[in-house]
Amino acid sequence: MEEEEDRIQNLRSKATELLLRKEWKDSIEVYSELISLCHDQISNPHQNLDPNNLPKLKKSLCLALCNRAEARLNLQDYPQALQDCNEASQIGNTHFKTLLCKGKILLSLNQYGLALDCFKKASLDPNELENSEMLSGYLEKCKKFEFLSRTGAIDISDWVLNKFQGKPPELAEYIGSIDIKKSDISGRGLFATKNLDCGNLLLITKAVAVERAIVPESVFQDSKEQAQLDMWKNFIDKILESIKKCVRTRDLICKLSNGENEDQLEVPDIDLFRPDGEDSSTFHDKKIDKEKLLNILDVNSLVEELISAKVLGKNSDVHGIGLWILSSFINHSCDPNVRRSHVGDHVMIHACRDIKAGEELTFAYFDVFTPFRDREEKAKNWGFVCKCKRCNLEKGVCSNQEMMEIEMFLGKGLDNGGVVYRLEENMRRWMVRGKGKGYLRSSFWRVYSEVYESERSLRKWGSKVPLMENVLDSVVDAVGSDERIVKLLMKGLKRKNGHKGYGIVEMEKVMKLGRGLYGKIMKKQTLKTILIQLGN
């Protein structure tokens with residue numbers, strides 16, 4: 002027995018030393034050996050265990066499980082870490098260190114209510130007054146995140162005004178007024194469950210994995226393609242590691258489309274995707290075929306659109322690819338009603354125009370200002386045919402001989418004002434009205450923007466082309482807000498008003514565009530500041 006006690010003491014000392022040195026994997030191995038030995042000592046009926054030593058042995062086991070959980074937490078192996086904490090809780094359900102570690106794990110899993118309960122129980126321990134400040138920090142963080150996860154009332158103003166310096170703000174997972182249903186576009190989709198205003202936040206979700214790399218635009222094409230291949234390989238490895246660690250992640254990924262039999266796919270309950278919606282025990286421990294996984298990633302992975310790159314042009318050389326499970330249900334349309342922005346490892350989805358209850362959420366998989374034939378080719382490369390209202394209208398219009406001639410003259414020295422004039426005249430003759438005008442103007446955005454940016458073109462074609470404000474209104478109505486629209490509008494207002502500044506009505510129009518552009522995630526004054534920067 003003395004030999005066993007010495008062995009336990011030696012293992013405990015070695016494991017503690019490794020833990021303090023942050024050698025997580027090695028410490029887990031030693032703690033596992035220690036835990037196994039403690040289990041043998043407690044459960045072996047042939048051991049002549051001194052009853053007085055049993056509480057001491059259980060305490061050693063409880064502490065070893067808790068410390069192994071801490072190491073696993075640092076390796077982001079949350080399910081195994083949680084399992085260790087649950088076992089430790091069975092030995093001592095008020096053990097401070099166990100409650101603290103379990104709270105941190107649940108917080109990392111975005112299960113804010115359960116994490117808050119753990120920290121509250123830990124705060125009742127009168128022997129841990131020296132840790133009260135640290136515990137208060139976790140309690141406040143949990144309360145904040147629990148509130149944000151219910152309301153979606155995030156504010157990144159300080160980070161934006163600080164020009165995106167330092168760490169991105171910490172975000173809570175949030176699922177707003179949306180549901181998963183069968184889609185008329187393809188397979189399943191996300192739908193609004195109530196009327197939504199432009200800028201309303203709909204979803205914040207953290208990536209299963211993200212891979213980033215700096216790929217300067219100046220590098221040769223071969224080098225760029227190799228860098229992208231390396232990113233893809235590393236990204237797949239990260240996904241495989243996440244699946245290996247977590248049954249829940251594996252099961253949720255399996256619910257995504259792999260590009261086949263879209264109409265036969267089941268519609269999952271959206272509550273499955275809420276962090277505290279389902280206990281991990283309800284998920285099935287099933288393997289996923291690697292070929293199927295690669296197909297799922299090929300269909301559902303997204304390229305990051307960093308908000309810092311959008312606003313200030315920062316980090317434009319940083320390329321990232323990731324998997325955000327719930328947002329993968331959003332289908333494509335060239336006539337989108339939502340936009341996405343990436344902050345840290347989170348993606349935020351917001352309405353870029355007013356959305357009616359029951360309407361499907363869509364965003365554009367590629368640039369909305371791309372001409373029809375180029376969009377058609379891009380969709381083909383993605384493996385689908387876009388049948389949105391915009392594409393259906395433009396497919397008919399682009400078959401006209403006059404439209405073919407206009408497209409043929411583009412980039413061949415023809416005055417852009419002349420192209421706009423001919424296009425507007427043809428739309429009048431073809432009786433293209435309402436959104437149809439916005440669709441075509443969006444497809445010829447480059448030509449329109451160059452005309453309105455050039456004082457020379459405006460002097461020459463002034464009365465023969467529509468007012469810039471009317472064109473911009475129709476484009477926003479067709480495809481939603483965009484940085485390029487805001488820039489053009491701000492420059493036009495600056496040219497019109499000179500040093501007088503912006504009128505109240507004009508600024509309110511710009512602010513509405515801004516809400517469609519970035520969502521309601523910052524204070525009005527912050528939004529106003531960055532919109533003015535866009536126009537400079």
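The sequence shown lines up with residues 2 to 537 when you count with the working numbering. Backbone N, C-alpha and C define an ideal beta-carbon position, used for all residues, glycine too.
The beta carbon of Leu108 sits closer than 8 angstroms to the beta carbons of Ala116, Tyr139, Lys142, Cys143, Phe146 from its chain, once the five residues preceding and following it are set aside; these are given in chain order. Here Leu532 is near Val487, since their CB atoms are less than 9 angstroms apart. Setting aside the 5 residues that flank it on each side, Ser450 is surrounded in the same chain by Arg485, Leu489, each with a C-beta closer than 8 angstroms to its C-beta; the list follows chain order.
Looking from the CA of Glu395, the closest CA among Trp383, Leu411, Arg376 belongs to Arg376. Contiguous beta strand (DSSP E) elements confined to the segment 118-178 do not occur, taking only those with 3 or more residues. For Ser342, the enclosing beta strand (DSSP E) has its first and last residue at 339-344. Glu212 carries a strand assignment under DSSP once its states are collapsed to helix, strand and coil. For the pair Gly517 and Leu528, the CB atoms are not nearer than the 9 angstroms cut-off. Annotated as proximal: Val466 and Val421, with beta-carbon spacing under 9 angstroms. In the three-state reduction of the DSSP assignment, Ala479 falls in the helix class, which pools H, G and I.
Taken through DSSP and simplified to helix, strand or coil, Phe370 comes out as coil.
Rounded to the nearest whole angstrom, the C-alpha separation of Ser302 and Phe367 is 14 angstroms. Under DSSP, Gly323 shares a beta bridge with Val211, Leu303. According to DSSP, Ile350 shares a beta bridge with Leu204, Arg341.
Non-local beta-carbon contacts of Asp318 in its own chain, meaning distances under 6 angstroms to residues more than five positions away in sequence, involve Ile215, Pro217 in chain order. For Ala193, the enclosing beta strand (DSSP E) has its first and last residue at 189-193. By the neighbour-count definition (other C-beta atoms within 10 Å, threshold 16), Gln265 is an exposed residue. Nearest Cα to Pro169 within the set Asp223, His343, Ser28: His343. Only exposed fits Gln166, as fewer than 16 other CB atoms lie within 10 angstroms of its CB. Within the same chain, and ignoring the five residues on either side of Tyr453 in sequence, the residues whose Cβ sits closer than 8 angstroms to its Cβ are Leu459, Met469, Val472, Leu489, Gly493. Here DSSP, grouped into helix, strand and coil, assigns Asn332 to strand.
Leu197 is bridged by DSSP to Ile356. If you look at Glu403, you'll find it in the alpha helix (DSSP H) that goes 402-410. From the listed residues Asn94, Val511, Cys335, the smallest Cα separation to Gly437 is found for Cys335.
CA-to-CA, the gap between Leu125 and Ser482 works out to about 51 angstroms.
The three-state reading of DSSP puts Ile181 in strand, counting E and B together.
In the three-state reduction of the DSSP assignment, Glu18 falls in the helix class, which pools H, G and I. By a beta-carbon distance limit of 8 angstroms, Val31 contacts Lys15. Their separation comes to about 5 angstroms.
In the DSSP assignment, Ile271 falls outside any alpha helix (DSSP H) and carries neither an H nor an E. Distance from the CA atom of Ile240 to the CA atom of His351, rounded to whole angstroms, is 26 angstroms. Within its own chain, the residues whose Cβ lies closer than 8 angstroms to the Cβ of Phe120, once the five positions on either side in sequence are excluded, are Leu100, Leu101, Gly104, Leu136, Tyr139, Leu140, Cys143, listed in chain order. Looking at the DSSP output, Phe364 bridges to His333. Contact holds between the segment 234-249 and the segment 75-84, because three or more Cβ pairs, one in each stretch, are under 8 angstroms apart. With fewer than 16 other Cβ atoms from the protein chains shown falling within 10 Å of its own Cβ, Ser224 counts as exposed.
Taking the Cβ atoms as the reference, Ile92 lies roughly 4 angstroms from Cys63, within the contact range of under 8 angstroms. By the Cβ test, the segment 172-179 is in contact with the segment 193-213, since at least three Cβ pairs between them sit closer than 8 angstroms.
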